[in-house]
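2 protein chains.
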Amino acid sequence: MIHSASGCAVDITAYLEEKRVLINEYLKSYFAAPLQPEALHESVAYSLFAGGKRIRPILALASYEACGGNARDILPQAAALELLHTYSLIHDDLPAMDNDDLRRGKPTNHKVFGEAIAILAGDALLTEAFFMIADTNSSLRTFPGRSMEGVRNKRLRRPSLLRLVREIARAAGMRGMVGGQAQDILAENSEPDEQTLSFIHLHKTAALIAASVRLGPMLAKSSARVLRALTQYGEHMGLAFQIVDDLLDVEGTTPELGKTVGSDRAKRKMTYPALYGVEVARRKAEECLAGALRALRPFASEADPLREIAHYLVRRRR
Amino acid sequence: MIHSASGCAVDITAYLEEKRVLINEYLKSYFAAPLQPEALHESVAYSLFAGGKRIRPILALASYEACGGNARDILPQAAALELLHTYSLIHDDLPAMDNDDLRRGKPTNHKVFGEAIAILAGDALLTEAFFMIADTNSSLRTFPGRSMEGVRNKRLRRPSLLRLVREIARAAGMRGMVGGQAQDILAENSEPDEQTLSFIHLHKTAALIAASVRLGPMLAKSSARVLRALTQYGEHMGLAFQIVDDLLDVEGTTPELGKTVGSDRAKRKMTYPALYGVEVARRKAEECLAGALRALRPFASEADPLREIAHYLVRRRR
Chain A
71 MIHSASGCAV DITAYLEEKR VLINEYLKSY FAAPLQPEAL HESVAYSLFA GGKRIRPILA
131 LASYEACGGN ARDILPQAAA LELLHTYSLI HDDLPAMDND DLRRGKPTNH KVFGEAIAIL
191 AGDALLTEAF FMIADTNSSL RTFPGRSMEG VRNKRLRRPS LLRLVREIAR AAGMRGMVGG
251 QAQDILAENS EPDEQTLSFI HLHKTAALIA ASVRLGPMLA KSSARVLRAL TQYGEHMGLA
311 FQIVDDLLDV EGTTPELGKT VGSDRAKRKM TYPALYGVEV ARRKAEECLA GALRALRPFA
371 SEADPLREIA HYLVRRRR
Chain B
71 MIHSASGCAV DITAYLEEKR VLINEYLKSY FAAPLQPEAL HESVAYSLFA GGKRIRPILA
131 LASYEACGGN ARDILPQAAA LELLHTYSLI HDDLPAMDND DLRRGKPTNH KVFGEAIAIL
191 AGDALLTEAF FMIADTNSSL RTFPGRSMEG VRNKRLRRPS LLRLVREIAR AAGMRGMVGG
251 QAQDILAENS EPDEQTLSFI HLHKTAALIA ASVRLGPMLA KSSARVLRAL TQYGEHMGLA
311 FQIVDDLLDV EGTTPELGKT VGSDRAKRKM TYPALYGVEV ARRKAEECLA GALRALRPFA
371 SEADPLREIA HYLVRRRR
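If you're matching them up, the sequences are chains A and B in order. Position in the first sequence counted from 1, then plus 70, gives you the numbering used here. Position in the second sequence counted from 1, then plus 70, gives you the numbering used here.
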């Protein structure tokens with residue numbers, strides 16, 4: 071076991087890889103059956119298996135584990151977050167939106183499948199995400215290693231799943247991610263201001279990240295205190311994640327990121343570095359990291375993966 | 071009470087109007103609170119309140135009533151179907167899809183708000199639909215007239231709502247409406263064949279119509295026999311609805327329909343009239359009507375509205 075910079079006894083690289091494999095195996099098995107029309111299925115699979123880091127599902131699994139749960143019991147719900155994230159990328163990349171040609175080092179979905187199928191692939195992923203969240207059986211049916219406790223809790227978990235449908239719909243929809251993306255598009259080419267920038271960040275990215283973290287305590291039926299602490303962690307991480315994304319667009323390189331760098335500036339996007347400069351933005355990200363770690367104080371080593379993920383997300387290079 | 075052509079003692083015009091008002095009032099109250107960004111809210115409201123016939127919600131309410139329920143108890147779930155229908159129209163009308171300029175006699179959403187906001191308005195409606203389906207409280211909180219039985223059943227209904235989330239996600243997503251729309255786009259300009267046409271019809275329209283009808287017995291916890299009968303009714307009506315839509319595109323006029331007629335032919339869409347001719351298509355629609363009415367035989371007068379709606383939908387002029 072490697073002791074990391076944060077002093078936690080978690081090998082974060084191994085942890086992330088293990089969870090990534092778990093999510094990928096679940097998604098592969100879920101989308102294994104052929105589906106008509108083939109072009110739609112291919113388009114969905116193209117973006118879903120384009121090498122995403124699976125940050126949102128991993129946050130959900132780590133947060134569920136921090137609450138004493140077995141990650142395999144909530145794979146459908148965690149994987150659904152990746153469907154939502156993938157749909158948002160496909161739609162954001164469209165010519166009418168951010169008009170991006172490159173994503174994760176590959177041509178964007180509409181470049182390969184055309185705009186119509188790309189729009190429909192996004193719609194399909196968004197809709198399927200809610201099927202997965204509401205699926206009380208799928209991990210049981212299709213995936214080995216689900217714990218017996220998970221099986222026994224199946225009935226008990228139903229009200230939580232219904233609450234989760236609402237939670238995720240709020241975070242992903244017009245009161246969350248879609249609202250943020252709309253504001254992001256509308257604010258292009260206008261003078262950056264603190265209030266609009268904050269709205270964009272909190273809605274476009276932070277809402278779904280925070281909801282991913284909240285998924286853990288919600289499904290583990292943790293206490294209000296635990297839910298509050300993890301919500302704070304999730305909100306800090308959501309903001310940090312978007313600031314770092316904006317910074318990488320300024321400081322990163324295209325091969326590292328797998329997408330065109332400098333595009334925010336070219337499109338006159340409202341970003342943290344654009345409003346405050348790189349230095350202040352970097353400091354703000356570090357403050358968010360500190361806030362996220364502070365929120366985890368009530369937890370012992372069961373939250374070490376969440377601590378390490380926080381460091382990893384703020385210090386990442388892609 | 072007017073005895074109609076079908077011999078049922080239901081004033082169908084009054085019935086449809088009463089239900090339409092109920093749905094519209096619910097939707098208006100749901101979307102009354104201002105929402106940032108304004109342009110997104112306006113875009114959503116523009117299409118949602120563009121004078122839709124509310125067929126899917128009305129089918130759900132009529133089917134719930136046929137199972138002995140009070141329509142006001144399932145308004146959120148019924149209204150959610152209209153959000154799904156509206157999102158599908160906004161996305162279908164996009165330049166990359168069917169490229170339509172006119173819908174319900176008004177410029178299409180992207181013509182007014184631009185493509186980016188139109189895509190996001192569709193995404194917002196699709197996501198919000200699942201919030202509404204999973205909402206155990208909203209009609210209680212915001213809408214008068216909910217029956218006390220509905221209130222008492224709140225807890226009991228939760229497992230049904232979770233099942234309904236899956237049912238609607240399947241009907242609306244890649245295994246339903248989105249799959250059908252993708253096949254519809256892909257089949258443009260190719261020689262019509264029976265198998266592809268049948269796939270398009272069953273998925274693009276019939277799946278969500280059938281699910282709308284199934285919503286009633288599912289939430290009323292009706293017997294398997296009742297669910298089966300209403301499923302048959304819904305499947306016949308779904309197919310009839312699409313055939314009549316195709317026929318109106320050939321036979322209707324633009325002012326009647328509020329959308330450009332003849333566009334299917336111009337785009338070389340695969341339709342029933344294109345494959346079989348108008349005569350055979352009209353006969354097929356009548357056969358579906360007969361099948362739908364046959365499926366309702368186990369029901370007494372409680373299914374009269376469903377019978378009248380079937381006649382209305384097959385003989386409509388818009």
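Glycine is no exception: its CB is placed at the ideal position from the N, C-alpha and C atoms. As the structure is a prediction and not an experimental result, all values here were calculated from the model.
For this session: Check residue 173 (chain B) in the structure and name its three-state DSSP category.
Result: Taking the first residue of the second sequence as position 1, residue 173 (chain B) is located at position 103. Note: residue 173 (chain B) maps to strand in three-state DSSP.
Exercise. Beta-carbon of residue 316 (chain B) versus every beta-carbon of chain A: anything under 8 Å?
Worked result: Within the second sequence, the letter at position 246 stands for residue 316 (chain B). No, its Cβ sits nowhere closer than 8 Å to a Cβ of chain A.
Exercise. Taking C-beta to C-beta, are residue 383 (chain A) and residue 187 (chain A) nearer than 8 Å?
Worked result: Sequence index remark: in the first sequence, residue 383 (chain A) carries index 313 (1-based). Sequence index remark: in the first sequence, residue 187 (chain A) carries index 117 (1-based). Taking 8 Å as the Cβ cut-off, residue 383 (chain A) and residue 187 (chain A) do not qualify as a contacting pair.
Exercise. When the cut-off is 8 Å and only beta carbons count, does residue 306 (chain A) lie next to chain B?
Worked result: Within the first sequence, the letter at position 236 stands for residue 306 (chain A). Chain B contact via Cβ: absent.
Exercise. Within 8 Å (strictly less), CB to CB, does residue 288 (chain B) reach chain A?
Worked result: Walking along the second sequence from the start, residue 288 (chain B) turns up at place 218. No, residue 288 (chain B) lies away from the interface with chain A (no Cβ there is under 8 Å from its Cβ).
Problem set entry | Touch test, the stretch 310-317 of chain B against the stretch 357-368 of chain B, Cβ-Cβ under 8 Å, three pairs minimum | yes
For this session: Would you grab the beta carbon distance between residue 190 (chain A) and residue 173 (chain A) for me? Rounded to a whole angstrom, and I think it's under 8 Å.
Result: Numbered from its first residue, the first sequence carries residue 190 (chain A) at position 120. Numbered from its first residue, the first sequence carries residue 173 (chain A) at position 103. Contact doesn't hold; Cβ gap of about 18 Å is too wide.
Exercise. From residue 372 (chain B) to residue 279 (chain A), what does the alpha carbon distance come to, in whole angstroms?
Worked result: Position 302 of the second sequence, counted from the start, is the residue given in the question as residue 372 (chain B). Position 209 of the first sequence, counted from the start, is the residue given in the question as residue 279 (chain A). Approximately 48 Å between the Cα atoms of the pair.
Problem set entry | Short Cβ contact (8 Å threshold) for residue 149 (chain A) with residue 96 (chain A) | Here residue 149 (chain A) refers to the residue found at position 79 of the first sequence. Here residue 96 (chain A) refers to the residue found at position 26 of the first sequence. Yes, the Cβ-Cβ distance between residue 149 (chain A) and residue 96 (chain A) is below 8 Å.
For this session: Alpha carbon to alpha carbon, how far is residue 290 (chain B) from residue 137 (chain B)? Give it in angstroms, no decimals.
Result: Taking the second sequence and counting its residues from 1, one reaches residue 137 (chain B) at position 67. Taking the second sequence and counting its residues from 1, one reaches residue 290 (chain B) at position 220. Their backbone Cα atoms lie some 6 Å apart in a straight line.
Exercise. When the Cα atoms are used, what is the spatial distance from residue 116 (chain B) to residue 179 (chain B)?
Worked result: Your numbering for residue 116 (chain B) matches position 46 in the second sequence. Your numbering for residue 179 (chain B) matches position 109 in the second sequence. If I take the Cα positions, the gap works out to 7 Å.
Exercise. Using DSSP with H/G/I as helix, E/B as strand and the rest coil, what is residue 98 (chain A)?
Worked result: Counting from 1 along the first sequence, the entry for residue 98 (chain A) is found at position 28. Residue 98 (chain A): helix per DSSP, three-state reduction.
For this session: Leaving out five residues on either side along the sequence, give the residues of the same chain with a beta carbon under 7 Å from the beta carbon of residue 240 (chain A).
Result: Start at 1 with the first residue of the first sequence, and residue 240 (chain A) comes out as number 170. Same-chain partners within the cutoff: 246.
For this session: Have a look at residue 316 (chain A) and residue 268 (chain A) and give me their C-alpha separation to the nearest angstrom.
Result: Reading the first sequence from its first residue, position 246 is the one you call residue 316 (chain A). Reading the first sequence from its first residue, position 198 is the one you call residue 268 (chain A). Using only the alpha carbons, I get a separation of about 13 Å.
Problem set entry | Interface residues of chain B facing residue 167 (chain A) [CB-CB closer than 9 Å] | By one-based count along the first sequence, residue 167 (chain A) stands at place 97. Those are 185, 186, 189 and 190, listed as they occur along chain B.
Problem set entry | Contacts around residue 346 (chain A), its chain only, beta-carbon distance under 8 Å, and the 5 residues preceding and following it disregarded | Translated into positions along the first sequence, residue 346 (chain A) becomes position 276. Answer for residue 346 (chain A): 354, listed in chain order.
For this session: Taking all protein chains shown into account, decide if residue 204 (chain A) is buried (16 or more other Cβ within 10 angstroms of its Cβ) or exposed.
Result: Residue numbering aside, residue 204 (chain A) sits at position 134 when the first sequence is read from its first letter. Residue 204 (chain A) is buried by the Cβ-count criterion.
Exercise. Which residues, in chain order, does the stretch 139-166 of chain A contribute to contact with chain B at a C-beta distance below 7 Å?
Worked result: 161, 164 and 166
For this session: Please classify residue 133 (chain B): is it buried, with 16 or more other beta-carbons within 10 angstroms of its beta-carbon, or exposed?
Result: Against the second sequence, residue 133 (chain B) aligns to sequence position 63. With 16 or more other Cβ atoms within 10 Å, it is buried.
Problem set entry | Candidates B:341, B:232 and B:91, of which the one nearest residue 119 (chain B) by Cα | For the purposes of this step, residue 119 (chain B) is identified with residue 49 of the second sequence, where counting begins at 1. Ranking B:341, B:232 and B:91 by Cα distance to residue 119 (chain B) puts B:91 first.
Problem set entry | Where residue 263 (chain A) falls, given that 16 or more other Cβ within 10 Å makes a residue buried | Taking the first residue of the first sequence as 1, we reach residue 263 (chain A) at position 193. Residue 263 (chain A) should be labelled exposed.
For this session: Grab me the residues of residue 270 (chain B)'s own chain with a C-beta within less than 7 Å of its C-beta, minus the 5 sequence neighbours each way, in chain order.
Result: Translated into the one-based positions of the second sequence, residue 270 (chain B) becomes position 200. Counting only Cβ-Cβ distances below 7 Å, and skipping sequence neighbours, we find 250, 253, 254, 257 and 340.
Exercise. What do you reckon, are the CB atoms on residue 242 (chain B) and residue 206 (chain A) nearer than 8 Å?
Worked result: Counting from one through the second sequence, the residue named residue 242 (chain B) turns up at place 172. Counting from one through the first sequence, the residue named residue 206 (chain A) turns up at place 136. For residue 242 (chain B) and residue 206 (chain A), no; Cβs fall outside 8 Å.
Exercise. Given residue 194 (chain A), which residues of its chain have a CB within under 7 Å of its CB, disregarding the five upstream and five downstream residues?
Worked result: For this step, residue 194 (chain A) is matched to residue 124 along the first sequence. 110 and 114, listed in sequence order.
Problem set entry | Nonlocal neighbours in the same chain, by C-beta distance under 6 Å from residue 156 (chain B), ignoring five residues either side | Here residue 156 (chain B) is taken as the residue at index 86 of the second sequence, counted from 1. Hits under 6 Å: 117, 118 and 195.
Problem set entry | Per-residue burial, residue 393 (chain B) [other beta carbons within 10 Å of its own, 16 or more giving buried] | The requested residue 393 (chain B) is not part of the displayed model; chain B covers only 71 to 388.
Exercise. Excluding sequence positions up to five away, which residues of its chain have a Cβ less than 7 Å from the Cβ of residue 276 (chain B)?
Worked result: Taking the second sequence and counting its residues from 1, the one referred to as residue 276 (chain B) is at position 206. These residues qualify, in order along the chain: 305, 308, 309 and 312.
For this session: Please classify residue 83 (chain A): is it buried, with 16 or more other beta-carbons within 10 angstroms of its beta-carbon, or exposed?
Result: Numbered from its first residue, the first sequence carries residue 83 (chain A) at position 13. It counts as exposed.
Exercise. In this structure, does DSSP put residue 369 (chain A) in helix, strand or coil?
Worked result: Looking up residue 369 (chain A) in the first sequence gives position 299. If DSSP states are grouped into helix, strand and coil, residue 369 (chain A) belongs with coil.
For this session: Determine, using beta carbons only, whether residue 299 (chain B) and residue 234 (chain B) come nearer to each other than 8 Å.
Result: To locate residue 299 (chain B), count along the second sequence from 1; it is residue 229. To locate residue 234 (chain B), count along the second sequence from 1; it is residue 164. It is not a contact, given that the beta carbons lie outside the stated cut-off.
Exercise. What residues from chain A crowd round residue 242 (chain B), counting only those whose CB sits closer than 8 Å?
Worked result: Mapped onto the second sequence, residue 242 (chain B) falls at position 172. Under the 8 Å cutoff, chain A gives 197.
Exercise. Using DSSP with H/G/I as helix, E/B as strand and the rest coil, what is residue 301 (chain B)?
Worked result: Residue 301 (chain B) sits at position 231 when you count from the first residue of the second sequence. Three-state result, residue 301 (chain B): helix.
Exercise. Residues in the stretch 95-110 of chain A with C-beta within 7 Å of chain B's C-beta atoms, listed in sequence order?
Worked result: 105, 106, 107, 109 and 110
Exercise. Is residue 282 (chain B) closer than 8 Å to residue 130 (chain B) when the C-beta atoms are compared?
Worked result: The count along the second sequence starts at 1 and reaches residue 130 (chain B) at position 60. The count along the second sequence starts at 1 and reaches residue 282 (chain B) at position 212. Yes, the Cβ-Cβ distance between residue 130 (chain B) and residue 282 (chain B) is below 8 Å.
For this session: Kindly indicate if chain A contains any beta-carbon less than 8 Å away from that of residue 300 (chain B).
Result: Start at 1 with the first residue of the second sequence, and residue 300 (chain B) comes out as number 230. No, no contact with chain A.
Exercise. From residue 100 (chain B) to residue 81 (chain A), what distance separates their C-alpha atoms?
Worked result: Within the second sequence, numbered from 1, the residue matching residue 100 (chain B) stands at position 30. Within the first sequence, numbered from 1, the residue matching residue 81 (chain A) stands at position 11. When rounded, the distance between both Cα atoms is 48 Å.
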